[in-house]
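Here the sequence shown is numbered in our numbering, starting from -11 and rising by one per residue.
We treat Cβ as the ideally placed atom computed from N, Cα and C, and that holds for glycine.
What follows is a set of notes on a single structure, which appears directly below.
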Amino acid sequence: MSAQLLDGRKVAAEVKAQVKKEAEAFYARNGRKMGLAVILVGDNFASGVYVNNKIAACNENCIKSFSYKLPESTTEEELIELIHKLNANTMVDGILVQLPLPPHIRPSVVLPHISVDKDADGFLAENAGNLMLGIPSLNACTPAGIIELLHSTGRKIDGANAVVIGRSNIVGKPIALMLLQNNATVTICHSHTENLTDFTHNADILVVAVGKKHVVNGDMIKKGAIVIDVGMHREDGKLCGDVDFESAREVAGYITPVPGGVGPMTIAMLLKNIVKAALRLE
């Protein structure tokens, strides 16, 4: 029997509906919309598409977007100055600097200037530290979206064996911590893990986020497992993930497609972060 598809678009729509409801109530109470400032430096085409998608999602869900498109020649000092202005702007509840930045601008220098209370991406060290300590905070959007997808299956995370393949600061580490907060028993695997299949065969929940095409196939998956594919690659003009979808779907209980799985959840959880930030600042 083929796995049930985890429809990220459907779950994202449900999250956005709740966001819109809370955003409209905030507008009624305060006479202003929640606000997200999005900063794009340079002319990276893919980044421009992502920014436009985020702005459109805001506009559709009663959140005001403030768009700043800066030239490639923008200096670190100029970008930091803009961030400080946005930190002080009471109309802005969240700030997002679209990555990647031009080579002469160091994210490690610029991003820490964003107020921890307006960290829309949930990437700042303080918010990452809060996640580790179990303190409510603004969380990284993709991992938070994965948790929403897992809840949508109706299966319990509590007590499950969860294996995360990948240890990035954006997905691997935070999703491992979020799974741990939900009382899963978590194993993190990576490029130096030996006998990877020994771990994946024991996974009730398998999150694959390594950025390499078809790292996991059906032979590596426990029958009935939930498989979350975070990868995104282009092959013969089509998109595919880190998991070999066709073989995996014959074994898994649930699986995310690529595209249409994890991707739609990231923007939905960004909007949820704006709501969280606005309510904390209200």
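The shortest C-alpha to C-alpha distance from Gly30 to any of Met22, Val39 and Leu24 is the one to Val39.
Contact holds between the region 248 to 256 and the region -5 to 9, because three or more Cβ pairs, one in each stretch, are under 8 Å apart.
The alpha-carbon of Asp230 is positioned some 27 Å away from that of Leu84.
Take Cys129, set aside five residues on each side of it, and the residues of its chain with a beta-carbon closer than 7 Å to its own are Asp109, Gly110, Thr254, Met257, Leu258 and Asn261, in chain order. Counting only the Cα atoms, Ala236 lies some 8 Å from Val204. Taken through DSSP and simplified to helix, strand or coil, Ser61 comes out as coil. Phe33 counts as exposed, since fewer than 16 other beta carbons sit within 10 angstroms of its beta carbon. A straight-line Cα-Cα distance of about 19 Å links Ile193 and Glu182. The beta carbon of Arg20 sits closer than 7 Å to the beta carbons of Met79 from its chain, once the five residues preceding and following it are set aside; these are given in chain order. By a beta-carbon distance limit of 8 Å, Val98 does not contact Tyr56. Their separation comes to about 13 Å.
Contact between the region 148 to 156 and the region 171 to 191 is present: three or more C-beta pairs spanning the two stretches fall below 8 Å. One thing to note: Val246 has its Cβ no nearer than 7 Å to the Cβ of Gly206.
At a cut-off of 4 residues, the continuous stretches assigned as alpha helix (DSSP H) that sit fully inside the region 71 to 158 are 95 to 98, 113 to 121 and 129 to 140. Scanning its chain for C-beta atoms nearer than 7 Å, with the 5 sequence neighbours on each side dropped, one finds around Glu114 the residues Val104, in chain order.
In the three-state reduction of the DSSP assignment, Ser235 falls in the helix class. Excluding residues up to 5 positions away in sequence, Phe14, Met22 and Asp81 lie with their Cβ nearer than 7 Å to the Cβ of Ala266 in the same chain. In this structure Ile216 is not in contact with Val198, their Cβ atoms being roughly 12 Å apart against a cut-off of 8 Å.
Taken through DSSP and simplified to helix, strand or coil, Ile163 comes out as helix. Distance from the CA of Ser125 to the CA of His189, rounded to the nearest whole angstrom, comes to 33 Å. Non-local C-beta neighbours of Pro131 in its own chain, meaning closer than 7 Å and more than five positions away in sequence, comprise Val159, Pro162, Ile163 and Met166, ordered along the chain. Taking 8 Å as the upper bound for CB-CB distance, Gly248 and Gly(-4) are in contact here, some 6 Å apart. Cβ contact annotation for Val174 (same chain, cutoff 7 Å, sequence separation greater than five): Ala150, Val152, Ala164, Leu167 and Leu168, in chain order. Residue pairing from DSSP leaves Ala5 without any beta-bridge partner. Secondary structure of Glu12 (DSSP, three-state): helix. Every unbroken stretch of the alpha helix (DSSP H) spanning 4 or more residues and falling wholly within the region 180 to 226 is given here in chain order: 184 to 188.
Beta-bridge partners of Thr173 (DSSP): Asn149. When C-alpha distances from Ala213 are compared across Glu65, Ala148 and Pro59, the shortest belongs to Ala148.
Separation of the CB atoms of Ile102 and Leu112 is rounded to 6 Å, and the pair is thereby assigned contact status at 8 Å. Taking the Cα of Asn171 as reference, the smallest distance to any Cα among Ile135, Asp186, Leu184 and Ser140 is reached at Ile135.
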